[in-house]
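Report on the following structure.
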Amino acid sequence: MSASADQPKVPRHVAVIMDGNGRWAEKRGRPRLFGHRAGAESLRAVLRACRDHGVEYLTVYAFSTENWVRPADEVSGLMSLLKTFLKKDEHELHENQVRLLATGRLQDLPDSVREELERVIAATRDYRKGNLILALSYGGRAEIADAVRAIAAKVRAGQLDPETIDEKSIAAHLYLPDVPDPDFLIRTSGELRLSNFLLWQLSYAEFYFTETLWPDFREAEFAEALAEYARRHRRYGAHA
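Rendered as structure tokens:
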């Protein structure tokens, strides 16, 4: 894979806001959960595309802290779909040596879902050919608040001098401090906002918005997004 000194042709880490499942289903006169099931197929397709294009990390916004206020039957259906995804797709993670990780307030998940998630994370922890990160019960502000709380506890215990706190100190207390920041954010369905996703980590990421609804976003659409990324020049604020 060739790359210029300042602009890799392929992002190391892609983050995705998978938006539009509900609208996709409504257009077809089907319940929202039908759209979520179709969206799971798109996740499988994009994970395969990451492998084919050499993307090391894929983080997907699967369930936000705000999503808990959705109708109970939809939340229950999403949790069931997550369990099914973990069971049905675990073999692909093993076959392709993809490590599963999760970020968010995982303690809020139903016990059966959290146990299944922890089982697959443990089973794939030694893989290094790819990384799939599920953002579950995740909120960017909640993550920063949790990091501040952890830092404050260390200061109170005399384990950390507040004068030494800097950006690296804060980053070290985020949910997955060893994961590199995303280079590229994709959001589907035409919405133009972050929706409380990876607020700290996306500071210098390139953004890509598409009108395509998530269930219609497959390998070809992902390749088109990567082509757009390759055309950009990342300045990191150093040049006008």
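For any residue, its number in the working numbering is found by taking its place in the sequence shown, counting from 1, and adding 1005.
Think of the CB as a built atom: it goes at the ideal place given N, C-alpha and C, for glycine as much as any other residue.
All of these numbers come straight from a predicted model, not from anything done at the bench.
- Judged by DSSP in its simplified three-state form, Val1080 adopts helix.
- Judged by DSSP secondary structure, Gly1145 falls within the alpha helix (DSSP H) whose first and last residues are Gly1145 to Arg1161.
- The three-state secondary structure of Asn1072, taken from DSSP, is helix.
- The C-alpha of Gly1135 is placed about 17 Å away from the C-alpha of Pro1182.
- Within the DSSP bridge table, the entry for Gly1135 names Val1103 as partners.
- With 16 or more other CB atoms across the displayed protein chains lying within 10 angstroms of its CB, Pro1016 is buried.
- The Cβ atoms of Lys1092 and Glu1121 sit closer than 9 Å to each other.
- Taking all protein chains shown into account, Asp1188 has 16 or more neighbouring C-beta atoms within 10 Å of its C-beta and is therefore buried.
- Closest in C-alpha terms to Ala1176, from the list Glu1168, Trp1205 and Asn1026, comes Trp1205.
- In this structure, Leu1141 and Gly1163 do not form a Cβ contact; the two beta carbons are roughly 34 Å apart against a cut-off of 8 Å.
- Asp1221 and Pro1167 have their alpha carbons spaced roughly 48 Å apart.
- Inter-residue distance for Asp1024 and Trp1219 is about 6 Å (C-alpha atoms, whole angstroms).
- According to the DSSP assignment, Phe1189 belongs to the beta strand (DSSP E) that extends over Phe1189 to Arg1192.
- Inter-segment contact for the segment 1092 to 1107 and the segment 1124 to 1131 is present: three or more beta-carbon pairs are separated by less than 8 Å.
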